[in-house]
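In what follows, a single structure is set out as C-alpha cells and then discussed.
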Ligand code: NAP
C-alpha cells in the first residue's frame with residue numbers, strides 16, 4: 040500500500056488528510072495519507088530515508104520548509120525560482136521537490152472564472168510572503184503584463200521585484216486607489232482576515248467592473264474582503280478551492296492519477312472548516 044503524509048512540528052490541524060484520503064477512496068487506490076510529527080533534528084533522516092519510513096512522498100509544512108530546501112537533491116524550476124517548496128516525491132528513486140501553491144491558485148482561478156484572460160493585464164498582490172512568490176511566478180507564466188505588490192514591509196516587496204524583474208514592482212498604499220483603476224485581478228496573500236487575525240481593510244471602489252478579487256484565506260470560507268468585493272458586484276475567488284487544486288499536483292506524483300476537484304470534495308472540506316456550511 041502506498042502512503043504519503045504531511046510533516047510538521049508540531050503538526051498543526053491539516054485538512055490535507057481529508058482531501059487525499061477522499062481521492063484514494065474515490066478512485067479505489069489502495070493507499071493512505073496521514074499526519075506525521077517530525078522534529079527538526081529528525082528531518083534529514085526522515086526525508087533521506089523516506090521509503091524506509093514507509094512513504095512515497097510528503098507535504099512539508101512549518102517549520103521544515105527551509106531546511107528541506109537544503110536536503111532535497113532535485114528542486115524543480117518553480118522551487119528554484121521561488122525558494123519555497125511544499126511537496127516532496129520520489130522519481131526513479133530520487134528525491135525531488137516542487138511547490139504547488141502557484142499552480143493551485145491558477146487552476147482554481149480558471150475553474151472559478153472560466154475563460155478569465157490574464158494576458159497583458161495588471162494584478163495587484165497584497166503580501167510578499169511564500170504564497171505571494173508562488174502566485175507571482177505562476178501569473179507571470181500566464182502572461183500578465185504587470186504585477187504590483189502592496190506589503191506591510193515594503194522591502195520584502197522590493198525583494199520580489201528584484202527577483203522577478205521589471206514586470207513586478209512595489210505599490211505604496213497612497214497609490215493604491217489610482218493603480219487599482221486598471222487592475223484586472225486583486226489577490227490577498229496575507230493572513231489578514233483569517234479567523235483570529237487582524238481584519239483586511241482595502242478600498243475596493245476604484246477597481247474596474249470586470250475585476251476579479253481573490254483571497255487565499257479560507258477560514259472563514261468567505262472573508263469580509265470577498266463579501267465587500269461581492270457587494271461591489273465584483274467576481275470573487277475563495278481560498279478553499281486553491282487548497283484543493285494545489286493538492287491535485289502532489290496526489291498525482293504520489294499515487295499516479297490526476298484527481299478531480301469536485302463539488303462533493305469542496306463540501307466535505309468546507310464542512311470541516313465550518314460545520315454550518317450547507
Ligand atoms: P508568509 O510567508 O508568512 O507571508 C505572510 C504575508 O502576510 C507577509 O507579506 C506579511 O507581511 C503579511 N502579513 C501578515 N500579517 C499581517 C498583518 N497583520 N498586517 C499586514 N500584513 C501582514 O505566509 P504565506 O505562506 O505566504 O501565507 C499567507 C496566507 O495565505 C496564510 O493565511 C495562509 O494560510 C494562506 N495560504 C493559503 C493557501 C491556500 O491553499 N488557500 C496556500 C498557502 C497559503 P510582512 O512581510 O510585513 O511580514
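In this note's numbering, the protein residues as written are 40 to 317.
In this text, a Cβ means the ideal position worked out from N, Cα and C, and glycines have one as well.
All values derive from a computational prediction rather than experimental measurement.
Quick one, are the C-beta atoms of residue i and residue j less than 9 Å apart?
i: residue 46; j: residue 133; result: no
i: residue 90; j: residue 43; result: no
i: residue 103; j: residue 77; result: yes
i: residue 242; j: residue 216; result: yes
i: residue 199; j: residue 182; result: no
i: residue 232; j: residue 260; result: no
i: residue 330; j: residue 139; result: For residue 330 there is no data in the structure shown, the boundaries of the chain being 40 and 317.
i: residue 270; j: residue 144; result: no
i: residue 175; j: residue 122; result: no
i: residue 110; j: residue 82; result: yes
i: residue 168; j: residue 228; result: yes
Do you know how far the Cα of residue j is from the Cα of residue i?
i: residue 117; j: residue 172; result: 10 Å
i: residue 87; j: residue 69; result: 24 Å
i: residue 203; j: residue 119; result: 12 Å
i: residue 163; j: residue 225; result: 5 Å
i: residue 213; j: residue 189; result: 10 Å
i: residue 266; j: residue 274; result: 10 Å
i: residue 108; j: residue 170; result: 16 Å
i: residue 177; j: residue 262; result: 24 Å
i: residue 165; j: residue 73; result: 33 Å
i: residue 301; j: residue 308; result: 11 Å
i: residue 135; j: residue 244; result: 45 Å
i: residue 287; j: residue 54; result: 14 Å
i: residue 50; j: residue 98; result: 11 Å
i: residue 256; j: residue 281; result: 10 Å
i: residue 264; j: residue 64; result: 35 Å
i: residue 303; j: residue 317; result: 11 Å
i: residue 113; j: residue 106; result: 14 Å
i: residue 239; j: residue 192; result: 15 Å
i: residue 92; j: residue 152; result: 41 Å
i: residue 297; j: residue 154; result: 22 Å
i: residue 285; j: residue 126; result: 10 Å
i: residue 291; j: residue 115; result: 16 Å
i: residue 150; j: residue 299; result: 11 Å
i: residue 75; j: residue 84; result: 14 Å
i: residue 205; j: residue 230; result: 27 Å
Can you tell which of the options has the C-alpha that lies nearest to the C-alpha of residue i?
i: residue 187; options: 155, 169, 153 and 223; result: 223
i: residue 195; options: 185, 93, 181 and 210; result: 210
i: residue 293; options: 112, 256 and 62; result: 62
i: residue 57; options: 295, 291, 283 and 314; result: 283
i: residue 250; options: 268, 240, 264 and 258; result: 268
i: residue 40; options: 281, 191 and 67; result: 67
i: residue 279; options: 299, 291 and 306; result: 306
i: residue 310; options: 258, 146, 161 and 155; result: 258
i: residue 48; options: 207, 146 and 79; result: 79
i: residue 179; options: 207, 59 and 146; result: 207
Less than 8 Å between the CB atoms is what I'm expecting for residue i and residue j, so what's the real figure, rounded?
i: residue 148; j: residue 137; result: Not confirmed; about 19 Å, so no contact.
i: residue 184; j: residue 159; result: 4 Å
i: residue 220; j: residue 247; result: 7 Å
Give a yes or no on whether the minimum CB-CB distance between residue i and chain B is below 9 Å.
i: residue 87; result: In the displayed structure, chain B is absent; only one protein chain is listed.
For a minimum of 3 consecutive residues, which ranges assigned as the beta strand (DSSP E) are wholly contained in the region 196-263?
With a minimum length of 3 residues, the continuous beta strand (DSSP E) runs that stay inside the region 196-263 are 207-209, 224-227 and 251-254.
Where are the alpha helix (DSSP H) runs, 4 residues long or more, that stay fully inside the region 45-115, in chain order?
Here the runs fully enclosed are 55-65, 82-87 and 104-110.
Can you give, in chain order, each stretch of the alpha helix (DSSP H) that sits fully within the region 150-185 and has at least 4 residues?
169-180, all fully within the region 150-185.
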